[in-house]
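Everything below concerns the one structure shown next.
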Amino acid sequence: MTLSLARAVKGGACAALFVLTLFTALPCFGATWNITNTLSGGAGSLREALAQAASGDVINITATGTIPLGSTLDVKTSVTINGTGASRLAISGSKIVPVFFIADGIRVLISGVTIRDGAGGVGGGIYNNGATLTVSECTVTANAGSDAGGIYNLH
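Just so we're aligned: 48 in the numbering used here is position 12 of the sequence shown, and the numbers increase by one with no gaps anywhere.
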């Protein structure tokens with residue numbers, strides 16, 4: 037009786053361990069944020085999505101036009117930012133602030149936007165503080181910084 041009970045417990049523990057291993061090995065998919073406006077901040081803005089995003093989230097910007105910034109967009113988690121196309125959507129530092137600050141140790145993909153008119157700091161368009169950064173199908177233009185206008189990579 038004791039041997040049968042031990043086998044049953046051992047078998048159950050193995051099954052539980054297998055299920056736990058299976059679920060931790062599966063890829064985790066984050067939330068999807070859909071940005072439909074060009075507001076610099078507030079509800080439904082790119083800034084709000086970046087502030088609330090968890091690692092693995094995808095931010096889709098479906099708005100067209102220009103997102104004018106009064107302060108830098110801080111990217112602190114691993115996210116994907118998809119725009120509607122570099123000819124249709126711009127994120128502008130308004131010639132007064134850098135556009136993006138990307139934190140160290142994360143993975144960020146930015147695609148389909150124009151990053152323009154960033155100013156100040158060492159990287160006017162993007163200051164990459166050591167993240168794995170991919171910029172794809174973007175235009176980076178008219179940015180000014182002390183060390184790099186468009187993109188400054190710390191590491």
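Quick reminder that beta carbons are idealized off the backbone N, C-alpha and C, glycines included.
Return the chain-ordered ranges of every beta strand (DSSP E) run that is complete within the region 56-143 and spans a minimum of 3 residues.
Runs of the beta strand (DSSP E) inside the region 56-143: 68-71, 93-97, 101-104, 109-111, 115-118, 125-128, 136-138.
Can you look up ASN165 in the DSSP assignment and give me helix, strand or coil?
Three-state DSSP puts ASN165 in coil, outside helix and strand.
Can the beta-carbon of SER128 be found less than 7 Å from the beta-carbon of GLY106?
No; because the gap between Cβ atoms is not below 7 Å, this pair is not in contact.
Just curious, the beta strand (DSSP E) that VAL158 is in, first and last residue?
VAL158 -> no beta strand (DSSP E), and no H or E assigned at all.
What residue range is occupied by the uninterrupted beta strand (DSSP E) comprising VAL149?
Taken as a continuous stretch (DSSP letters only), VAL149 belongs to no beta strand (DSSP E), as it is neither H nor E.
In angstroms with no decimal places, state the Cα-to-Cα distance between ASP193 and THR168.
The chain is shown only over 37 to 191; residue 193 falls outside these bounds and no answer can be derived.
Pull the bridge partners of ALA180 from the DSSP assignment, please.
DSSP output for ALA180 lists ALA155 as bridge partner(s).
Out of curiosity, what's the CA-to-CA distance linking ALA87 and SER114?
Cα to Cα, ALA87 sits roughly 12 Å from SER114.
Excluding five sequence neighbours on each side, which residues of the same chain lie with their C-beta closer than 7 Å to the C-beta of ASN189?
Hits under 7 Å: ASN164.
Which residues in the same chain as THR102 place their Cβ atom closer than 7 Å to its Cβ, once the five residues preceding and following it in sequence are excluded?
Only THR74, ALA126, SER128 meet the Cβ criterion.
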